[in-house]
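Taking it in order: structure first as C-alpha cells, then the write-up.
Number of protein chains: 4
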Amino acid sequence: MSHNTFGHLFRVTTFGESHGPALGCVVDGCPPGVELAEDDLQPYLDQRKPGQSRHTTQRKESDRVRILSGVFEGVTTGTPIGLMIENEDQRSKDYSEIKDKFRPGHADYTYIAKYGRRDYRGGGRSSARETAMRVAAGGVARKVLGPDIVIRGAMVRMGEEQIDYANWDWDQVQQNPFFSPDASSVAGFETYLDGVRKAGSSVGAAVEVHASGVPAGWGAPIYGKLDAELAAAMMSINAVKGVEIGAGMEAARLTGEQNADEMRMDAGEPVFLSNNNGGVLGGISTGQDLIVRFSVKPTSSILTPRRTIDADGNETEISTKGRHDPCVGIRAVPIGEAMMACVLADQMLRHRAQCG
Amino acid sequence: MSHNTFGHLFRVTTFGESHGPALGCVVDGCPPGVELAEDDLQPYLDQRKPGQSRHTTQRKESDRVRILSGVFEGVTTGTPIGLMIENEDQRSKDYSEIKDKFRPGHADYTYIAKYGRRDYRGGGRSSARETAMRVAAGGVARKVLGPDIVIRGAMVRMGEEQIDYANWDWDQVQQNPFFSPDASSVAGFETYLDGVRKAGSSVGAAVEVHASGVPAGWGAPIYGKLDAELAAAMMSINAVKGVEIGAGMEAARLTGEQNADEMRMDAGEPVFLSNNNGGVLGGISTGQDLIVRFSVKPTSSILTPRRTIDADGNETEISTKGRHDPCVGIRAVPIGEAMMACVLADQMLRHRAQCG
Amino acid sequence: MSHNTFGHLFRVTTFGESHGPALGCVVDGCPPGVELAEDDLQPYLDQRKPGQSRHTTQRKESDRVRILSGVFEGVTTGTPIGLMIENEDQRSKDYSEIKDKFRPGHADYTYIAKYGRRDYRGGGRSSARETAMRVAAGGVARKVLGPDIVIRGAMVRMGEEQIDYANWDWDQVQQNPFFSPDASSVAGFETYLDGVRKAGSSVGAAVEVHASGVPAGWGAPIYGKLDAELAAAMMSINAVKGVEIGAGMEAARLTGEQNADEMRMDAGEPVFLSNNNGGVLGGISTGQDLIVRFSVKPTSSILTPRRTIDADGNETEISTKGRHDPCVGIRAVPIGEAMMACVLADQMLRHRAQCG
Amino acid sequence: MSHNTFGHLFRVTTFGESHGPALGCVVDGCPPGVELAEDDLQPYLDQRKPGQSRHTTQRKESDRVRILSGVFEGVTTGTPIGLMIENEDQRSKDYSEIKDKFRPGHADYTYIAKYGRRDYRGGGRSSARETAMRVAAGGVARKVLGPDIVIRGAMVRMGEEQIDYANWDWDQVQQNPFFSPDASSVAGFETYLDGVRKAGSSVGAAVEVHASGVPAGWGAPIYGKLDAELAAAMMSINAVKGVEIGAGMEAARLTGEQNADEMRMDAGEPVFLSNNNGGVLGGISTGQDLIVRFSVKPTSSILTPRRTIDADGNETEISTKGRHDPCVGIRAVPIGEAMMACVLADQMLRHRAQCG
C-alpha cells in the first residue's frame, strides 16, 4: 500500500475531495473477459450512501457511478477501469467554525502539520466520502473473484451495545439499518443511537467481515501476508483503530492447546475443528472462512463543545454543527467488505502468478 | 509491503530458512553519511536471540551479524546494506514427526497448500528465525531516525497474567526476562510460565511498542497511512493476530466526547490532553507518542498431543518435542520495536520527499 | 513502471480509450504548495492536439483538461490530482475494415493475443490518444520542477530528411509545424510530408529532448538509474523503437579518449568539455544538459494495401482509410518533453528523500 | 525498476561493492517446484567472469556462486533465493590516483555529487562487478522460463569493426573470445583490440540479444510495455548509452510500407514476413523473436592522460593504470542475456496473473 494506490496486481488508485466536483478511481490489472456494468457496482454504493435512514448523515448524494473505460461490449478488456461519481450536494455553507479550528480527534490538525494547508470544506480528502470509491472498486473485485467467494460484513457492537453471537443470522443483516446479524439487537441499537444523536454526541462501533469460499493457499509470506494486508486495508479505513484476525487480541490469553485448530478429514477434504486463526496460518489462507474484525472510533464532529486550538495557536473551543453520522461504524460495513474483496482479488492474481 | 520486501524508500528484503546456511537481508534506500557498525546492531539481536533465559528456546545461536556492503570507513554510502547471520545450531535431528504431519495452528499445512512442498527443517521460511533480520534492519533504521526518536517495547500480558499500567516504568523493561515494565508483575509471569513450560504447553502474550519524538506530519493518506503500515508491519510478525493503535478495539465503546483528544497550548506548542488516537489522526502523526499494541498467539509446537492429519490425508495425532519457546510473545518485543523503527524510517524519507 | 502507472514518488496513473467517454489520470505524490491551474496545462495539450496543421490527423478534439481534485485555492494540497479530458469527436464510423483484420505494425494483433478481445474503435487503449494525459501530467511535473529546469524537445529527422545540427535554434521550434530547431529544414520537411500524405503513406521520425538546469546528483543506481528510467519512459511512448542518451548507439564506435568528457573548473564550478554522456554518468545526473533522442516508427494505418490476416485466421489485405497522422513523430515532441518532466519530478523527490 | 531492485513479480535485489567482502542478491517471487542447483548458474557466471582471455581484465575471481536459501532437496520452494559470491581478489593497491580525482566518463564525480562520499576501491558499487549477480539471477530466470525459450546474445560491433550479418551463426558465438556470431570477423576484432589495449586505450561495442520461443501476448501496456522494460533493463547495465528494439533508430527513416511486418498463415499459425518491430507491438510480444540491440561505451579507465578535477576543485590530469577491460562490451553479452531472461520471467508471471 502506498499513498493513494493500494494493491499489487489488482490496483486501486483513488482521488477526490468531499466537496470537489467529483470522486474517482482507476482499477488497474483487472483480468479481461469479466462481465461488468454500472449496475453491478451500484447496489454496494447504495448500501454505503448517506441518508438511508435517520441513523446516518442527511447529506443527499445519489452516488451514481459511471464506468469511463476498460469495459467494451459489457466485458472488461484488461485495460484500466476508470470510475467516477460526481458530487451533488456541495452545500454552500459556513465553514468559518472549522476553517481555522482543529476538531479534536479529526485529521484537521495533522493535514496542516504535514502539508501546511488543507481543503477544509467537508474534510476535503480526509472525509470518509473517499470510501465511496473503495466500495465501487470492491464491486469490481467481487466480479473478479466470482460467485463462489462470498464476502459479508456485519456490525457487532455500538458503544456499550453488542450483538449476541449465538443469534448470528446473515439474512438479518440487510433487514435493519445497522447491518446487525442479530435481530434481537436492533431495538437496543435503535434506542441507543437515537439517544446519542439527540445528545449531539457520537459513538464507536465494531464491524466483522467474513469471506467464505477462499481456497487454501492464497497469501504471500513474509511481508505480503494475507492477514498483514487485511490489517492494513482495514486500518486504512477512516476512524479504524484496531484490527483482529480470528481470535484477535484474545489470542494473548490462550494456551497452545486452546489455540490449536485441530484437523480432521471430512469427505476426503481437510477440515478444522475450530477457527481461532481466522482462516490464516503463516500469512496463507487455510480454506476456512476468513474472519476480520475492526473497531471504528466515534465521529469527531460533535455538537458538545470541546477544547481545542486554532491555526494561529490560540486556545479556543469547538462545537461542530451540520450533517454528521452519529455512528460512522454503520456505514463502515460495506466499506470493510469492499476492502476484503480488493485484498482477495489482488492475492488471487498474485497466487496465480507464482503458483500457476 | 510485498512478499519478502517491505518499505517504500527504506526497503528491507530478507531471505533465509531456519536450518539453511544463513539468514540475510538487504537494506536499500538508507541515506548516506550515517555512522554504522556491526556493534550498533548486535545489542538488538542479543535481545531477541534464543537462550537468554530459561523462558525461551534453548537453541544456541550467537546471531552475529555481518555487514557485507553499503558501509565504507564507518559510514553509510547510500548503496544497499547487505547483512548476514550464519546459522550455527542446525542440529541434526529427527524430523519424522513434523515432516509429514501438520502442526495445528502452524503454517505447515498452508505452505503445502500454496507451494506443494516445504522445507520442514525447523519450520523453514515460516520460522520466527526470519525475524532476526528484521531486528538487524531495525537497528539500521534507528540510526537513520537519530537519537531524538526513542522506540521502546514492553510485554503487557501473558495468558491470564497482565501488568498494572499504573506501575509502568521503562527502566524496568531490561531488568527482567519478560520485558515487563511493571516490576511487581515479574514474579507472577515467572511462576505462570514455569507452569506452562513444565506442562509442555505454551501461552499467548500482548506487546506494546511506543515511539517518542516523532514530529507531527509523518504518514501518508490514504493507503499509506502511518497506522495502516504499522498494522501491516506488526501483523506480519509470526503469530500476531491483532493490532491496536491507541484505544484500539476499545474505541468501539467510546463516545465522541470521550474519544476527542482535546488540545491546548503549552510553551507555544500544541499539546493534547489525552492520547486515545495513539499519536495518529487521519493516518498522519500528531507529535504525541505513537502507541501500538499487538497480540501474539501461543506457540503451536506443544507437547500435548493434538489431532491432525498427515500429508497423505490420514487422520493422526501430533506431539511436538524439542526446543520451542513456551511464549514466543517475549521475544516479539524487540521484533515489534524493529518493525516500528523500519516503518518510521520509511515514512520519514517519504515525508521529506513530498514535503521537503 | 508497471502497467498503467509510472513513477515512484511522483506517480501518474492513466485510463481511457480513444473512443470512450473520457481520458483521465491521477497524479499522486505532488508536493503541496505548488501553484497550479488548468491554464498551466492547456498550452502543452494544445501543442499535442490533433488538427493544428495539415500535417497531423484532422480529428477534432479541443482537449480541454479539467482538474478534479488536489488543488484548493489555486495551490496543490498534497492530495492526488485527478485530471480529465472528455472525448468529443467519437465520430460514428464504419469499423468493419479494422474490426476483424490486424493492421501490420499495429497492436491490433497483440491485444487479441493477450486479452482475447479489444476495443477496436480508433485503437482503443493502444491509441496514441492516451498520451494526452501524459502531456497533462507533464505540465504538473514542470510546475513541481520549477522554472530553473527547462525542458525542450525538437524533431531532428523525418524519413530521409534531417536537420543540420549547426543551425540549432530553440526559438525556431515553435515557429513551424514540425517542431524543427533548424529553420532551413522546414521547407524540405513540408514538401516531403506532403508527398507522403498524398501517397497515402506514412513516415518515421526522430525526436530529441533536452533538460537544462538539472543539478548534479539526481538519479539512483543500480536499477533506478536516471537514464534507465528515461529509456523506459520514452520507449513507452507509442511507436518508439529506439532510445539514446548522449552519444547513444554511436558510443559503440568511440575510443576511451573520444568518449571521456573532460572536466575543468569555471568560475568555481566544475564544467565538462563535451557531453557524450548526455548528462548522466553511473545513472546519476552530471549537471550538464540531459540529452535524450528517440525514434518513432511510421504510422501503421496507411492507405497502401498490406497483406494481413483476420481474426479467424484467413489471409487477406488491409488498407486503412480515415484521419491518421502521416508522421506521428511530430506530435511525439510534446509527449517526449512530458515524459522527461515526469521522470525528473520523480527523481527530484527521490533524491530529496534519500539525500535531504 | 527502482534503486537496487528490479522486476515486479520475479524480483531481483542486489548488493555489494567491487572490493567489499561479497556480492549478493535475493531473487524473490520464483515459482515453486523449479529444479535449481548452483551448477545451473555457474556456466553463465563463467562466461562473464574476468580473465577468460587476454581481451578482458586480468583480475582473478573464480566467481563461485552459493545458494543460501529458497531451494530444498534440489527444487525451489517459492521462498526467496539468496545468492552470494565472495570477492577473492581484493588486491591491496594504491588508490591515491583515483581516490581524489574523477575519471572523465566515470561515475566517480556523480556518486560524490549525490552522496557526498564514495567507496573508491575499484569503483565500489558503480563497478560492473555488480553485474555478476544479474548473471546469477538470469540463470534462475532461465530455469523459470523453461527450455522452450532460448536467449542468446552476440557482439555485433567493436569500434569501427563490425560483423557481417549475412554470416550470422549462433554456433560461432561460443567459439571466440568476442561472442561474435560471424567467424570471419574474429581476426579483425582480435587485431583491433590488441592495438587498443597496447595503446592504453579502450573502445565501445554493440551487443544484440535475441529471445526465441516467447509466445504472443506477453507484456503489459501502457507503462509496463515489454519493450519499455527491456529498454530500462539494458540501459541499467553499466556503460550502456543506447537501446534499440527491432529496426531501432533506423525506424525514423522508414515509410509505413517498409515498416509494416505483413502477416500470412503458415500451417495454421500466424507468421510475419519481416521483423522490423523486433517482436513487440503495442508493448506486447508478437510471437516472433525478440530482438534488442544496445551500445556500450568505452571503458573510462584508460592510460592516456585526460584533463579532470579533484575533489577539492583543483584542475589536474588523470591516467588510470591497473587491470581494466579494454572493451567492456565483450562481457556485456552474458549480462544482456541475463537481463532479457529476468524481464521475460517477470512478464511471464505477470501475464499469467492477469490473463490466467
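Each protein sequence line maps, in turn, to chains A, B, C and D. Numbering-wise (this note's numbering), the first sequence opens with residue 1 and increments by one. Numbering-wise (this note's numbering), the second sequence opens with residue 357 and increments by one. Numbering-wise (this note's numbering), the third sequence opens with residue 713 and increments by one. Numbering-wise (this note's numbering), the fourth sequence opens with residue 1069 and increments by one. Ideal Cβ placement from N, Cα and C applies to all residues, glycine included. This one's a predicted model, so the numbers in the text were calculated from it and none came from an experiment.
Three-state secondary structure assigned by DSSP to residue i
i, result
"F545(B)", "helix"
"T843(C)", "helix"
"A510(B)", "strand"
"M1(A)", "Low per-residue confidence applies at M1(A): pLDDT is 43, beneath 50, and the placement is therefore not dependable, though the value from the model is reported in the following sentence. The answer is coil: DSSP assigns M1(A) none of H, G, I, E or B."
"E693(B)", "helix"
"E809(C)", "helix"
"V328(A)", "coil"
"G480(B)", "helix"
"R1265(D)", "helix"
"I1180(D)", "helix"
"K499(B)", "helix"
"K352(A)", "The question names Lys, but residue 352(A) in the sequence shown is Arg. Three-state DSSP puts R352(A) in a helix."
Residue i to residue j span [Cα, whole Å]
i, j, result
"M158(A)", "D325(A)", "13 Å"
"D1295(D)", "P571(B)", "44 Å"
"F371(B)", "E517(B)", "35 Å"
"G745(C)", "T788(C)", "5 Å"
"D978(C)", "Y1163(D)", "27 Å"
"R64(A)", "N4(A)", "22 Å"
"D384(B)", "L365(B)", "8 Å"
"R864(C)", "S1031(C)", "36 Å"
"G929(C)", "K101(A)", "42 Å"
"R1202(D)", "M619(B)", "54 Å"
"I1403(D)", "E1198(D)", "10 Å"
"G74(A)", "A136(A)", "17 Å"
"A107(A)", "L780(C)", "22 Å"
"N277(A)", "I85(A)", "38 Å"
"R59(A)", "R125(A)", "17 Å"
"R778(C)", "E747(C)", "15 Å"
"I1398(D)", "G1272(D)", "9 Å"
"V368(B)", "Y1188(D)", "25 Å"
"A825(C)", "T1020(C)", "15 Å"
"I284(A)", "G219(A)", "4 Å"
Bridge partner(s) assigned by DSSP for residue i
i, result
"E1027(C)", "I1021(C)"
"F1246(D)", "Bridge partners of F1246(D): none, in fact."
"R11(A)", "D28(A)"
"F718(C)", "V724(C)"
"Q874(C)", "R869(C)"
"V559(B)", "T255(A)"
Next on the checklist: In chain order, what are the residue ranges of uninterrupted alpha helix (DSSP H) at least 4 long that sit wholly in the segment 1081 to 1153 of chain D?
Outcome noted: 1106 to 1116
Checklist entry - Going along the chain, which unbroken runs of the alpha helix (DSSP H) with 4 or more residues stay wholly within the segment 205 to 271 of chain A? => result 226 to 235, 256 to 259
Next on the checklist: Please give me, in chain order, every unbroken run of the beta strand (DSSP E) with length at least 3 that falls completely inside the segment 1341 to 1376 of chain D.
Outcome noted: 1358 to 1364
Checklist entry - Relative to chain C, which residues along the segment 384 to 405 of chain B have a C-beta separation below 7 Å, given in chain order? => result G385, P387, P388
Next on the checklist: At a CB distance below 9 Å, what residues from the segment 1245 to 1267 of chain D approach chain A? Give them in sequence order.
Outcome noted: none
Checklist entry - Taking a cut of 9 Å between CB atoms, which residues from the segment 100 to 115 of chain A lie near chain C? => result Y111, K114, Y115
Item to check | Residues from the segment 863 to 889 of chain C in contact with chain D, defined by Cβ distance under 7 Å | outcome: R869, G871, E872
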